[in-house]
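The structure appears below as structure tokens.
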Amino acid sequence: MNKLFRRFDIRSEQEDYEVIHSVMESGIVFKGTNLWILIFAIFIACVGLNVNSTAVIIGAMLISPLMGPIIGMGYSLATYDFTLLKKSGSNFGFAVASGLVTSTLYFLITPINEAHSELLARTQPNIYDVLIALFGGLAGIIAMSSKIKGNIIPGVAIATALMPPLCTAGYGLATANWSYFLGAFYLFTINTVFIGAATLITVRLLKFPVITYTDEKQKIKANRWVTVIALMTMIPSIYFGYIMVQQENYNQNATSFINNESFIEGDYLLQSDINPAAKKISLVYGGKAITDSEKEEMQDKLAFYGLKGTNLEIRLGFEIGDTELRTSIQDKTITELNRLRLDLANNQAKLDSISNNNELARAVFHEISALFPQIVACSVGEQLFFTDSLTTPYYLVVVDTATEPLTETDQAKLKSWLATRLKADSIQLFVAN
Numbered sequence: 013m014n015k016l017f018r019r020f021d022i023r024s025e026q027e028d029y030e031v032i033h034s035v036m037e038s039g040i041v042f043k044g045t046n047l048w049i050l051i052f053a054i055f056i057a058c059v060g061l062n063v064n065s066t067a068v069i070i071g072a073m074l075i076s077p078l079m080g081p082i083i084g085m086g087y088s089l090a091t092y093d094f095t096l097l098k099k100s101g102s103n104f105g106f107a108v109a110s111g112l113v114t115s116t117l118y119f120l121i122t123p124i125n126e127a128h129s130e131l132l133a134r135t136q137p138n139i140y141d142v143l144i145a146l147f148g149g150l151a152g153i154i155a156m157s158s159k160i161k162g163n164i165i166p167g168v169a170i171a172t173a174l175m176p177p178l179c180t181a182g183y184g185l186a187t188a189n190w191s192y193f194l195g196a197f198y199l200f201t202i203n204t205v206f207i208g209a210a211t212l213i214t215v216r217l218l219k220f221p222v223i224t225y226t227d228e229k230q231k232i233k234a235n236r237w238v239t240v241i242a243l244m245t246m247i248p249s250i251y252f253g254y255i256m257v258q259q260e261n262y263n264q265n266a267t268s269f270i271n272n273e274s275f276i277e278g279d280y281l282l283q284s285d286i287n288p289a290a291k292k293i294s295l296v297y298g299g300k301a302i303t304d305s306e307k308e309e310m311q312d313k314l315a316f317y318g319l320k321g322t323n324l325e326i327r328l329g330f331e332i333g334d335t336e337l338r339t340s341i342q343d344k345t346i347t348e349l350n351r352l353r354l355d356l357a358n359n360q361a362k363l364d365s366i367s368n369n370n371e372l373a374r375a376v377f378h379e380i381s382a383l384f385p386q387i388v389a390c391s392v393g394e395q396l397f398f399t400d401s402l403t404t405p406y407y408l409v410v411v412d413t414a415t416e417p418l419t420e421t422d423q424a425k426l427k428s429w430l431a432t433r434l435k436a437d438s439i440q441l442f443v444a445n
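Below, the structure is given as structure tokens:
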């Protein structure tokens, strides 16, 4: 058991505390190189969101230096280094302001104003984003405090995705779409708070040394503020996560209802639309007029699929009123029915052929055993022999002898008898002794 626990021990790979502290201090600064990298990353992320390119957005996340001050804030709170906390907070605030200004300017200038799926995905955060940020932050601080860093930091940058929601917030400002701005900025806040919280927890667990002396009251006050901020950030996300799960369940139930219950004789379902937020299902048909009783019958089936209270809207996209259109649809229906009947007849013929082969094999066996008593079993089947240029039909006959084998003369007689009995030009005979 101790050997198993040692596999999870990271203390042997931990970097010196002085080195870790130096890395933290250097990572929080936003001026010169770091500032320009941030601006370029913001532009790349904005272009990726604008043209709906996942690859471009991932590129922006990889080069973004935003993780530095966030981890720095968590580290400084864990070690009660309030000087470093102020420095981290001010640099982080400057970075956020720079990101918002740059992204807002980009979306004011760009001629493409449509909100694509990559942008919309950053406007509705939930509890799962909290989990991503928390575990991403844990991976990030463990990597930064280890001598073996590998490629963890780029992976954390992609997973927690700090840059896209910040740029989406800039899009909300540029287009005056406040719901997009608030949703995206809330997602950015979730990532910030829980990456920092994960850093704080890890640093405390690894027992990093306290940098400056702090009295007990200051410690309690700092811890209390961290708890309050984390709870205030997380509680709305739990609600949004619950809403997301409910809407996903509604979508699944509504899809099952449409697949199983949307058939109306004489009508064709042209279009279906599910609105989980409004609890509404819209079905558009083409064909004959739909009666009230047919609508009520379908409405009554909603409860069985867990869709009680759903507003079911059923309407006609077009109604068959003229004889020509009615005849056209009837002709298509008759053609399809004839095709299905032909397929059914072919399948039945195949089944009959298999049944006839079984009866033929049984009859042949009884006749052979009367002529050649040493034969105790046989198998008869019609086969096709393929070559490059032609296909030759023949019967394959396998017989089994129990006591004495068939002589060559008997085999020749049996083969000749089979050719006559089966009315076949080609017989392949195999004798199992």
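With the numbering used here applied, the sequence shown covers 13 to 445. Even for Gly, the Cβ is constructed at its ideal location relative to N, Cα and C.
Item to check | 8 Å Cβ shell around residue 110 - same chain, five flanking residues per side excluded | outcome: One-based indexing of the sequence shown puts residue 110 at position 98. Counting only Cβ-Cβ distances below 8 Å, and skipping sequence neighbours, we find 42, 47, 50, 51, 54.
Checklist entry - In angstroms, rounded to a whole number, what distance separates the CA positions of residue 334 and residue 324? => result Locating residue 334 in the sequence shown gives position 322, where the first residue counts as 1. Locating residue 324 in the sequence shown gives position 312, where the first residue counts as 1. The predicted model places residue 334 with a pLDDT of 48, which falls under 50 and marks its position as unreliable; any figure quoted below should be read in that light. Going from the Cα of residue 334 to the Cα of residue 324 covers about 28 Å.
Next on the checklist: Quick test of the definition: if touching needs 3 or more C-beta pairs under 8 Å, does the stretch 346-362 touch the stretch 289-307?
Outcome noted: no
Next on the checklist: Quick check on residue 111: does DSSP put it in helix, strand or coil?
Outcome noted: Taking the sequence shown and counting its residues from 1, the one referred to as residue 111 is at position 99. Residue state, collapsed to three classes: helix.
Item to check | Rounded C-alpha distance that separates residue 435 from residue 384 | outcome: By one-based count along the sequence shown, residue 435 stands at place 423. By one-based count along the sequence shown, residue 384 stands at place 372. Approximately 20 Å, taken between the alpha carbons.
Item to check | Three-state secondary structure (DSSP) of residue 159 | outcome: Taking the first residue of the sequence shown as 1, we reach residue 159 at position 147. Coil, per DSSP.
Checklist entry - Just curious, the beta strand (DSSP E) that residue 296 is in, first and last residue? => result As a first step, residue 296 must be located in the sequence shown, where it is residue number 284. Start and end: 292-299.
Checklist entry - residue 246 and residue 138 look like a contact to me (Cβ under 8 Å); what is the Cβ gap, rounded to whole Å? => result Within the sequence shown, residue 246 is the residue found at index 234, counting from 1. Within the sequence shown, residue 138 is the residue found at index 126, counting from 1. With a Cβ gap of about 11 Å, residue 246 and residue 138 do not count as contacting.
Item to check | Contacts around residue 259, its chain only, beta-carbon distance under 8 Å, and the 5 residues preceding and following it disregarded | outcome: Translated into positions along the sequence shown, residue 259 becomes position 247. Contacts found: 288, 289.
Checklist entry - Three-state secondary structure (DSSP) at residue 325? => result Translated into positions along the sequence shown, residue 325 becomes position 313. Of the three classes helix, strand and coil, the one that applies to residue 325 here is strand, per DSSP.
Next on the checklist: Judging by CA-CA distance, which residue of 282, 157, 134 is the nearest neighbour of residue 66?
Outcome noted: Indexing the sequence shown from 1 puts residue 66 at position 54. Looking at the Cα atoms, 134 is the closest of the given residues.
Item to check | Cβ-based burial, residue 437 [other Cβ within 10 Å; buried from 16] | outcome: Here residue 437 corresponds to residue number 425 of the sequence shown, with the count starting at 1. Residue 437 should be labelled exposed.
Item to check | Nonlocal neighbours in the same chain, by C-beta distance under 6 Å from residue 328, ignoring five residues either side | outcome: To locate residue 328, count along the sequence shown from 1; it is residue 316. Cβ within range, chain order: 297.
Item to check | Residue environment, residue 409, which counts as buried when at least 16 other CB atoms sit within 10 Å | outcome: Along the sequence shown, read from residue 1 onward, the residue named residue 409 stands at position 397. Buried, since its Cβ has 16 or more Cβ neighbours within 10 Å.
Checklist entry - Taking the C-alpha atoms as reference points, what is the distance between residue 216 and residue 130? => result Translated into the one-based positions of the sequence shown, residue 216 becomes position 204. Translated into the one-based positions of the sequence shown, residue 130 becomes position 118. Taking the straight line from one Cα to the other gives about 36 Å.
Next on the checklist: Cutting at 8 Å between CB atoms, please list the residues of its own chain near residue 209, excluding the five before and the five after it.
Outcome noted: Sequence index remark: in the sequence shown, residue 209 carries index 197 (1-based). Closer than 8 Å at Cβ, skipping near neighbours: 86, 146, 149, 238, 242.
Checklist entry - From the DSSP output, which residues share a beta bridge with residue 249? => result By 1-based counting over the sequence shown, the position of residue 249 is 237. In the DSSP output, where bridge partners are listed per residue, residue 249 has none listed.
Checklist entry - What three-state label does DSSP hand residue 208 in the structure shown? => result The sequence position of residue 208 within the sequence shown is 196, counting from 1. Three-state result, residue 208: helix.
Next on the checklist: Buried or exposed for residue 322, going by 16 or more other Cβ atoms inside 10 Å?
Outcome noted: Within the sequence shown, residue 322 is the residue found at index 310, counting from 1. So residue 322 ends up on the buried side.
Checklist entry - How would you label residue 120, buried or exposed, when you count the other beta carbons within 10 angstroms and need 16 or more for buried? => result Within the sequence shown, numbered from 1, the residue matching residue 120 stands at position 108. Result: exposed.
Checklist entry - Does the separation of the CB atoms of residue 157 and residue 214 fall below 9 Å? => result By 1-based counting over the sequence shown, the position of residue 157 is 145. By 1-based counting over the sequence shown, the position of residue 214 is 202. The answer is yes: Cβ separation under 9 Å.
Item to check | For residue 318, the three-state DSSP class (helix, strand or coil) | outcome: Taking the sequence shown and counting its residues from 1, the one referred to as residue 318 is at position 306. Correct three-state label for residue 318: coil.
Checklist entry - Distance, Cα to Cα, residue 45 vs residue 81? => result Start at 1 with the first residue of the sequence shown, and residue 45 comes out as number 33. Start at 1 with the first residue of the sequence shown, and residue 81 comes out as number 69. Each residue's alpha carbon lies about 15 Å from the other.
Checklist entry - In this structure, does DSSP put residue 130 in helix, strand or coil? => result On the sequence shown, residue 130 is found 118 positions in, with the first residue counted as 1. Residue 130: helix per DSSP, three-state reduction.
Checklist entry - Since residue 192 and residue 183 are thought to touch, with beta carbons under 8 Å apart, how far apart are those beta carbons, to the nearest angstrom? => result Position 180 of the sequence shown, counted from the first residue, corresponds to residue 192. Position 171 of the sequence shown, counted from the first residue, corresponds to residue 183. Indeed they touch by this definition, with Cβ atoms about 6 Å apart.
Next on the checklist: Once the 5 residues before and after residue 428 are set aside, which same chain residues still bring their CB inside 7 Å of it?
Outcome noted: What you label residue 428 is simply residue 416 of the sequence shown in a count that begins at 1. For residue 428, where only same-chain residues beyond five positions count, there are no Cβ hits under 7 Å.
Item to check | Those residues which DSSP pairs with residue 222 across a bridge | outcome: In the sequence shown, the residue the question calls residue 222 occupies position 210. None; residue 222 has no bridge partner.
Checklist entry - With residue 90 and residue 201 assumed to form a contact (beta carbons below 8 Å), what rounded beta-carbon distance in angstroms separates them? => result For the purposes of this step, residue 90 is identified with residue 78 of the sequence shown, where counting begins at 1. For the purposes of this step, residue 201 is identified with residue 189 of the sequence shown, where counting begins at 1. Not really, about 20 Å apart at Cβ, beyond 8 Å.
Checklist entry - Between the C-alpha atoms of residue 266 and residue 391, what's the straight-line distance to the nearest angstrom? => result Here residue 266 is taken as the residue at index 254 of the sequence shown, counted from 1. Here residue 391 is taken as the residue at index 379 of the sequence shown, counted from 1. Each residue's alpha carbon lies about 54 Å from the other.
Checklist entry - Going by DSSP, what residues sit across from residue 392 in a beta bridge? => result In the sequence shown, the residue the question calls residue 392 occupies position 380. The partner list for residue 392 (beta bridge, DSSP) reads 409.
Next on the checklist: Given this structure, state the Cα-to-Cα distance separating residue 123 from residue 63, to the nearest angstrom.
Outcome noted: The residue you call residue 123 lines up with position 111 of the sequence shown. The residue you call residue 63 lines up with position 51 of the sequence shown. For residue 123 and residue 63, the distance between alpha carbons rounds to 11 Å.
Next on the checklist: With H, G and I counted as helix, E and B as strand and the rest as coil, what does DSSP make of residue 384?
Outcome noted: What you label residue 384 is simply residue 372 of the sequence shown in a count that begins at 1. Coil at residue 384, not helix or strand.
Checklist entry - For the beta strand (DSSP E) that residue 11 lies in, which residues bound it at each end? => result In the structure displayed, the chain extends from 13 to 445; residue 11 sits before or after that span and is not available.
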